[in-house]
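Number of protein chains: 2
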Amino acid sequence: MDRDPSAEKNCAAVSAVPPPPGLTPGQQAVLTALRQQPQPLSAQALHGVMAVQRSIGLATVYRALDLLKLLGLVQHRVTLSGETLYSVVEHDHHYLTCLQCGVSVPVETCPVQELVAHLQRTNSFRIYYHTLEFFGVCDRCS
Amino acid sequence: MDRDPSAEKNCAAVSAVPPPPGLTPGQQAVLTALRQQPQPLSAQALHGVMAVQRSIGLATVYRALDLLKLLGLVQHRVTLSGETLYSVVEHDHHYLTCLQCGVSVPVETCPVQELVAHLQRTNSFRIYYHTLEFFGVCDRCS
DNA sequence: TACAATATGATAATGATTATCATTCCTGAG
DNA sequence: CTCAGGAATGATAATCATTATCATATTGTA
């Protein structure tokens, strides 16, 4: 068996921002709901699961997600079908996506932490999260 | 001055697929037009620049881009505003994007080539390209 | 040369996201 | 404690990139 080449394991979030600042109840609810999801979720799906317990407008969910993104608490990724999926910034979640069938399999390693630190120094950018995604064709489709 | 930490330079495309197979004239035109662009371009923008010289339908441009993606000749990335930008698969183009103002600055290094090779071996996926994108807030916005 | 399959174009339809706007909530000054 | 100003919320209309549709044109082939 060959060793994993670029080996840093699943890197944890770079504590981008302190704990939640003054979030409104609605924003808190969105964050809490998102934290309970095992998988990244679309805004509409999140709205769906939230609406069961608490009434909240779809627009509010979108707005809260945008805000939470800006606070470094939530990250996003866009699927091939154009949906945006949101998840809490915790661990990196990277994917290998088939351009044909759209299936995404998670990638366990992440080789970019050093690069993040470097960019942060050289670009005067506060980096909250990153997406790393591989596109190709899975064997079933080729 | 500190050295660049994760140092592989701009990695070239992994010759995903041989030269162009039997592309139709329309598909060829799309590929050619895209090759002449210095920047990644949206499908509509590409259609715009193409329409000047050659009449082509917008739907055809979309279809050709999808096909070229499937052939490993073209890659895509999605902006914060939801547009999909296309470019020829040549060198990696990675970005640092401000979640506030949306500005994207290119990132010159790419630490994932080894990982690509590894994934290719362990996942029986044919990998054509990848996207690596950093999100945060630029100093002007924070 | 005629057929079957595929590509193309024009346009309608889709669907996720955003804008709008009236209402409600909250906070701080008085 | 009360009121005014600002922000947040919800319902819904509007937007806009992308996709589906379908009739027509093109291409490779028997």
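If you read the protein sequences in the order shown, they are chains A and B. The first sequence begins at 98 in this note's numbering and counts up one residue at a time. The second sequence begins at 98 in this note's numbering and counts up one residue at a time. Using N, Cα and C, we set each Cβ at its ideal position, and we do this for glycine too. The model shown is predicted, which means the values in this text are computed figures rather than measured ones.
Item: Thinking A:Val158 and A:Val127 are a contact (beta carbons under 8 Å), I'd like their distance in whole angstroms, please.; Value: 6 Å
Item: Would you say the segment 225-235 of chain B touches the segment 187-197 of chain B, given that touching needs at least three Cβ pairs under 8 Å?; Value: yes
Item: Roughly how many whole angstroms lie between the Cα atoms of A:His173 and B:Ile224?; Value: 22 Å
Item: DSSP three-state call for A:His215: helix, strand or coil?; Value: helix
Item: Which value, in whole angstroms, describes the spacing of the CA atoms of A:Pro137 and B:Thr181?; Value: 21 Å
Item: Using a cut-off of 7 Å between C-beta atoms, extract the partners of A:Gln136 located in chain B.; Value: Correct list: empty, because the minimum Cβ distance to chain B is about 19 Å.
Item: Would B:Glu229 pass as a contact of A:Thr228 if the rule is Cβ separation under 9 Å?; Value: The residue you asked about is not Glu; residue 229 of chain B is Leu in the sequence shown. Cβ atoms of B:Leu229 and A:Thr228: closer than 9 Å.
Item: Flag this pair as yes or no: are the beta carbons of A:His215 and B:Thr206 separated by less than 9 Å?; Value: yes
Item: Would a check of beta-carbon distances place B:Ala110 closer than 9 Å to chain A?; Value: With a pLDDT of 42 at B:Ala110, under the threshold of 50, the modelled position of this residue cannot be trusted, and the question is left open.
Item: In three-state DSSP terms, what is A:Leu170?; Value: coil
Item: How is the beta strand (DSSP E) around A:Thr194 delimited, first residue to last?; Value: 191-195
Item: Give me whichever residues DSSP pairs with B:Glu230 in a beta bridge.; Value: A:Thr228, B:Tyr192
Item: Among the residues of its own chain, which have a CB less than 8 Å from the CB of B:Leu143, if the five just before and after it don't count?; Value: Val127, Ala130, Leu131, Gln134, Val158, Leu162, Tyr183
Item: Residues of chain B with CB under 9 Å from A:Gln197, in chain order?; Value: Leu167
Item: B:Phe231 and B:His191: beta carbons closer than 9 Å?; Value: yes
Item: Please list the residues of the segment 219-238 of chain A that have a C-beta atom closer than 7 Å to any C-beta atom in chain B, keeping them in chain order.; Value: Asn220, Ser221, Phe222, Arg223, Ile224, Tyr225, Tyr226, His227, Thr228, Leu229, Glu230, Phe231, Phe232, Gly233, Val234, Cys235, Asp236
Item: What in chain A is Cβ-close to B:Thr129, meaning under 9 Å?; Value: What B:Thr129 touches in chain A: nothing, since even the nearest Cβ is about 22 Å away.
Item: Could you tell me which chain A residues have their CB closer than 7 Å to the CB of B:Thr206, listed as they occur along the chain?; Value: Leu212
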